[in-house]
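Q: If you want my numbering, it's the 1-based position in the sequence shown plus 480.
Glycine included, C-beta positions come from ideal geometry on N, C-alpha and C.
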Amino acid sequence: MEWIKHLFKDSPEIQLFVCLAIGFAIGRVKLWKISLGGVAGTLIVAIFVGTIGVALNSEVKNIAFALFIFTLGYMSGPSFFASLNRNSLRYGIFTLIEAVAVLAVTAVATVTMNLDQGTASGLMAGGATESAVVGTATDAIGKLKLPADQISKLQANVGTAYSISYIVGLITIVLMTSQIYPALMRIDIREEAEKLWAKLGGGSTEEGSAPALPELVGRAHMVTHADGETVGQVERTLGQDVTIERLRRGGEPVDLAPDTELVLGDILLLVGPREQLLIGDRRIGPEVAPTAGMDLDLDLADVVLTAKEAGGKTIGELREMVPTERRHGVFLTGITRMDHALPIQPGTVVNNGDTIHFSGTKRDLASFVPRVGFRIDPGVKADLVFISIGIVIGMLIGRITVNLGSVPLSLGTGGGCLLSGLVFGWLRARNPKYGQYHPAAAQVVKDLGLATFICAVGLSSGPQAVDLIKQYGVSLAVAGLLMTLIPASISMFVAWKLMKLPAPLALGSVAGQQCSTPAITAVQTAAGNTTPLMAYTIVYALSNVVLPLLGPLVVAMTGALV
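Structure (structure tokens):
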């Protein structure tokens, strides 16, 4: 064991990546439908490794957390501000319930169990299943006017308490949203999700039925039945998602226009959903092998929605707003919000900041995309100048301190970088010339930054972890259970009984207020479609911003109570 200790002491970077590797491997292990995830797995491993007494440099921890929290704010910014509208803001009640309830439970636990500021903060962070609170609370504790060894102990207690309450909270929220609440509501969640899907304009989602969005295909047909008709007439008959992209007559290309008249023997290249092209034989003529010059490559474009008139509209409403000729040859193939795919149905509401995935010819996309938003450049992964300036500004904001009596209150690095990230992400959406941050690159930075920070917290928690567990025993786990169960149950009652939300949206809202990806995954699996995501993504965007800001507040509150 001594040689390992010396190795980690001489090369702490080895220690970091050993914890990450083992932690993420443990996080992938599923028990029933639940897996801890890489961050929680890393924390548990780091606490064990930390018992040998080797910690990471504090600067590494601070840099990693700044990268994570700024990126979190940056990617949340467009969706967060887009959610501040009359239709979406009603879902803010769930974030409010979560914030008030966890603060109340934390206060009661602090008084009844005589918790210190670190343990109380970790308990709240884990019960709310929000890892970012660990960073903002740890940062706030570091600013207290206490001896260095006491601050170190309090910060270590944050990680230990978090690891215990997170595991309990994760299991609780997954089971409650996917199993127990539907049973208490006496509903079949799959049946309710089917009803909502149909209400949105979708077809059946039963296994074996056609997919909600059939893949795009190309088909070549020879004109026989459609002789004498125009291109526009044929397209309207086949459906609004089908376009004629090529026309050859006598082996030569012919320019296309809606009023172009077709003649016997013309070869047409159709592009559209597979199901809508099945009637091509009856409507146009026999399918034939494509001739030379009929080949067509469809381009793909990921577009961030920024058009003012588009926010808060359904897909069906947007389709009616955009004239057919302007969207000719452009196909909607996906919608994601906060990295979650939304159902592509006429009744699905889209917000500014959503990423819309289009397919079509380069010419058609170049004409259409600027009307709805800006295209993400896949060749540019991150504008480090823009991002670095944002982090610097966030750190400066975090240094501002306001004294509440004898308690110094400040946002710290975490809160400052979160707010600057929100603003810089919003500015990027308003002016796409600057601040490129590809979602894939952002996800890597966010995951690595948070995991590195949590690893540092766990390593410093190791030496005190056993003592803290002995001191509080099972009561910490019980408090963590209540920290999750109470706000979730209140929100479920409000969603189901007072707001009368459909069951999938009610369950999605509860999962969203906890920012719990495992919970929404379990709900989706039980529902059989993606309808719960429509509520989850809105509440998730709000809670992702509000909950981390509670870290300094919890430290101040518990300091006043003890």
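Could you pull out every residue in the same chain whose Cβ sits closer than 6 Å to the Cβ of residue 519, ignoring the five residues on either side in sequence?
A: The residue given as residue 519 occupies position 39 in the sequence shown. Only 611, 930, 931, 934 meet the Cβ criterion.
Q: Given this structure, state the Cα-to-Cα distance separating residue 708 from residue 755, to the nearest angstrom.
A: Residue 708 sits at position 228 when you count from the first residue of the sequence shown. Residue 755 sits at position 275 when you count from the first residue of the sequence shown. Distance between the alpha carbons of residue 708 and residue 755: 25 Å.
Q: Pick out the complete alpha helix (DSSP H) segments inside the segment 845–878, 4 residues or longer, and give them in chain order.
A: Whole alpha helix (DSSP H) segments, 4+ residues: 864–878.
Q: Please give the ranges of any beta strand (DSSP E) in the segment 891–979, keeping only runs that are unbroken, at least 3 residues long and fully inside the region.
A: You should have found no qualifying run.
Q: I'd like to confirm the pairing. Which residues does DSSP put opposite residue 724 in its beta bridges?
A: Reading the sequence shown from its first residue, position 244 is the one you call residue 724. In the DSSP output, where bridge partners are listed per residue, residue 724 has 750.
Q: Hey, quick one: how far does the beta strand (DSSP E) through residue 814 stretch, first residue to last?
A: Residue 814 sits at position 334 when you count from the first residue of the sequence shown. It spans 810–817 - the beta strand (DSSP E) in which residue 814 sits, taken as one unbroken run.
Q: Among 785, 948, 862, whose alpha-carbon lies nearest the alpha-carbon of residue 454?
A: As shown, the chain starts at 481 and ends at 1042. That puts residue 454 outside it, with no answer to give.
Q: To the nearest angstrom, how far is it from the Cα of residue 882 to the Cα of residue 589?
A: Locating residue 882 in the sequence shown gives position 402, counting from the first residue. Locating residue 589 in the sequence shown gives position 109, counting from the first residue. Approximately 26 Å, taken between the alpha carbons.
Q: What are the partner residues of residue 668, as DSSP defines its beta bridges?
A: Here the question's residue 668 lines up with position 188 in the sequence shown. Note: residue 668 sits in no beta bridge, so no partner.
Q: Within 10 angstroms of the Cβ of residue 982, are there 16 or more other Cβ atoms? Answer buried if so, exposed if not.
A: Taking the first residue of the sequence shown as 1, we reach residue 982 at position 502. Residue 982 should be labelled buried.
Q: Check whether the Cβ atoms of residue 657 and residue 975 lie closer than 7 Å to each other.
A: Residue mapping note: residue 657 aligns to position 177 of the sequence shown, counting from 1. Residue mapping note: residue 975 aligns to position 495 of the sequence shown, counting from 1. No. Outside cutoff.
Q: Reducing DSSP to helix, strand and coil, say where residue 1032 ends up.
A: Mapped onto the sequence shown, residue 1032 falls at position 552. If DSSP states are grouped into helix, strand and coil, residue 1032 belongs with the helices.
Q: Among 872, 784, 824, which one has its Cα closest to the Cα of residue 850?
A: The residue you call residue 850 lines up with position 370 of the sequence shown. Among 872, 784, 824, the Cα nearest to that of residue 850 belongs to 784.
Q: Measuring alpha carbon to alpha carbon, tell me which residue in 1012, 939, 591, 922 is nearest residue 864.
A: Numbered from 1 along the sequence shown, position 384 holds the residue referred to as residue 864. Looking at the Cα atoms, 922 is the closest of the given residues.
Q: Return the chain-ordered list of same chain residues with a C-beta closer than 6 Å to the C-beta of residue 648, the five sequence neighbours on each side being excluded.
A: Position 168 of the sequence shown, counted from the start, is the residue given in the question as residue 648. Excluding sequence neighbours, residue 648 sits near 957, 960, 961.
Q: Does DSSP classify residue 613 as helix, strand or coil?
A: In the sequence shown, counting from the first residue as 1, residue 613 sits at position 133. In this structure, residue 613 counts as helix in the three-state DSSP scheme.
Q: Taking 7 Å as the threshold (C-beta atoms), are residue 840 and residue 796 in contact?
A: Here residue 796 refers to the residue found at position 316 of the sequence shown. Here residue 840 refers to the residue found at position 360 of the sequence shown. No, Cβ-Cβ distance for residue 796 and residue 840 is not below 7 Å.
Q: Any idea if residue 483 is buried or exposed, counting beta-carbon neighbours within 10 angstroms, 16 or more meaning buried?
A: Translated into the one-based positions of the sequence shown, residue 483 becomes position 3. Its Cβ having fewer than 16 others within 10 Å, residue 483 is exposed.
Q: Suppose you measure from the CA of residue 842 to the CA of residue 525; what does that come to, to the nearest Å?
A: Position 362 of the sequence shown, counted from the start, is the residue given in the question as residue 842. Position 45 of the sequence shown, counted from the start, is the residue given in the question as residue 525. Computed Cα separation, rounded: 49 Å.
Q: Report yes or no: do the segment 1015–1027 and the segment 555–575 share at least 3 C-beta pairs separated by less than 8 Å?
A: Yes: at least three Cβ pairs fall under 8 Å.
Q: Since residue 493 sits in a beta bridge, which residues does DSSP pair it with?
A: Locating residue 493 in the sequence shown gives position 13, counting from the first residue. Residue 493 is not bridged to any residue.
Q: Using 10 angstroms around the beta-carbon of residue 1035, count the other beta-carbons present and answer buried if the total reaches 16, otherwise exposed.
A: Position 555 of the sequence shown holds residue 1035. Buried: at least 16 other Cβ atoms inside 10 Å.
Q: Could you pull out every residue in the same chain whose Cβ sits closer than 6 Å to the Cβ of residue 829, ignoring the five residues on either side in sequence?
A: The residue labelled residue 829 in the question sits at position 349 within the sequence shown. Within the same chain, residue 829 has close Cβ partners 794.
Q: Jot down the residue ranges of each uninterrupted alpha helix (DSSP H) in the segment 987–1027, minimum 4 residues, whole runs only, in chain order.
A: Fully enclosed alpha helix (DSSP H) runs of 4 or longer: 997–1007, 1013–1026.
Q: Report yes or no: do three or more beta-carbon pairs, one from the segment 664–675 and one from the segment 736–748, lie closer than 8 Å?
A: They do not touch, by the three-pair rule.
Q: Run the CB neighbour count on residue 913, radius 10 Å, all protein chains shown included, and call it buried at 16 or more, exposed below.
A: Residue mapping note: residue 913 aligns to position 433 of the sequence shown, counting from 1. Residue 913 should be labelled exposed.
Q: Cα separation between residue 650 and residue 543?
A: Within the sequence shown, numbered from 1, the residue matching residue 650 stands at position 170. Within the sequence shown, numbered from 1, the residue matching residue 543 stands at position 63. Looking at the two C-alpha atoms, the distance is approximately 27 Å.
Q: I'd like to confirm the pairing. Which residues does DSSP put opposite residue 821 in its beta bridges?
A: To locate residue 821, count along the sequence shown from 1; it is residue 341. DSSP, once it has assigned bridges, lists 816 as partnering residue 821.
Q: Please list the segments of the alpha helix (DSSP H) lying wholly inside the segment 555–601, counting only runs of 4 or more residues, in order along the chain.
A: Here the runs fully enclosed are 566–569, 572–593.
Q: Taking the C-alpha atoms as reference points, what is the distance between residue 988 and residue 926?
A: Locating residue 988 in the sequence shown gives position 508, where the first residue counts as 1. Locating residue 926 in the sequence shown gives position 446, where the first residue counts as 1. Using only the alpha carbons, I get a separation of about 23 Å.
Q: Leaving aside the five residues before and after residue 948 along the sequence, list all residues of the same chain whose C-beta is less than 6 Å from its C-beta, in chain order.
A: For the purposes of this step, residue 948 is taken as the residue at position 468 of the sequence shown. Here the set comprises 637, 640.
Q: Taking Cβ positions, are residue 597 and residue 634 nearer each other than 7 Å?
A: Position 117 of the sequence shown, counted from the start, is the residue given in the question as residue 597. Position 154 of the sequence shown, counted from the start, is the residue given in the question as residue 634. A contact, by the Cβ cut-off of 7 Å.
Q: Considering just the uninterrupted stretch of the beta strand (DSSP E) at residue 836, what are its terminal residues?
A: Counting from 1 along the sequence shown, the entry for residue 836 is found at position 356. That run of the beta strand (DSSP E) goes 835–840.
Q: Reducing DSSP to helix, strand and coil, say where residue 709 ends up.
A: Taking the sequence shown and counting its residues from 1, one reaches residue 709 at position 229. Correct three-state label for residue 709: coil.
Q: Can you tell which of 579, 826, 836, 827 has its C-alpha closest to the C-alpha of residue 816?
A: In the sequence shown, counting from the first residue as 1, residue 816 sits at position 336. Minimum Cα distance to residue 816 is reached at 836.
Q: By Cβ distance, which residues of its chain are closer than 8 Å to residue 1032, with the 5 residues on each side in sequence left out?
A: Your numbering for residue 1032 matches position 552 in the sequence shown. Excluding sequence neighbours, residue 1032 sits near 616, 617, 619, 620, 889, 890, 891, 892, 895.
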